[in-house]
Every structure is written in C-alpha cells, then in structure tokens.
C-alpha cells in the first residue's frame with residue numbers, strides 16, 4: 888500500500904499542539920442493491936446520482 892499522506896494546512900482557531908490529520912477520505916461511497924458491483928464496473932467507477940437512482944440502487948456513506 889502506498890503512503891499517500893499529505894500535509895493539510897492548520898485550520899484557523901486550531902491549537903498549535905493539535906494532532907495532525909492521519910487519514911482523510913473524500914467522496915467515498917458504497918452502492919447497495921442488486922448487481923451494484925456490476926453497475927459501477929460497467930461505468931468504470933463513474934456514475935451520476937441520476938444513473939444510480941434509475942438503476943434502483945442506493946448510495947450511502
């Protein structure tokens with residue numbers, strides 16, 4: 888597994904001794920429903936929420 892950590896700027900009002908962020912995730916979703924894996928595989932991992940809904944799937948965090 889590659890180390891993909893990056894330095895995140897300190898937020899305003901955060902104490903200087905605050906612990907640094909070790910892991911940050913953005914846009915991570917799980918699809919639920921019949922053949923969800925096949926649906927996303929056919930679209931190379933890219934699908935709009937309209938396509939997800941039309942396929943009868945539910946996206947959740």
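Residue numbers (the working numbering): 888 to 948.
Backbone N, C-alpha and C define an ideal beta-carbon position, used for all residues, glycine too.
Could you check the C-alpha separation between residue 917 and residue 910 for me, to the nearest Å?
-> 19 Å
Go to residue 946, then tell me how far its beta strand (DSSP E) extends in each direction, as first and last residue.
-> 945-947
Check whether the Cβ atoms of residue 924 and residue 944 lie closer than 8 Å to each other.
-> no
Are residue 947 and residue 926 closer than 8 Å when you measure CB to CB?
-> no
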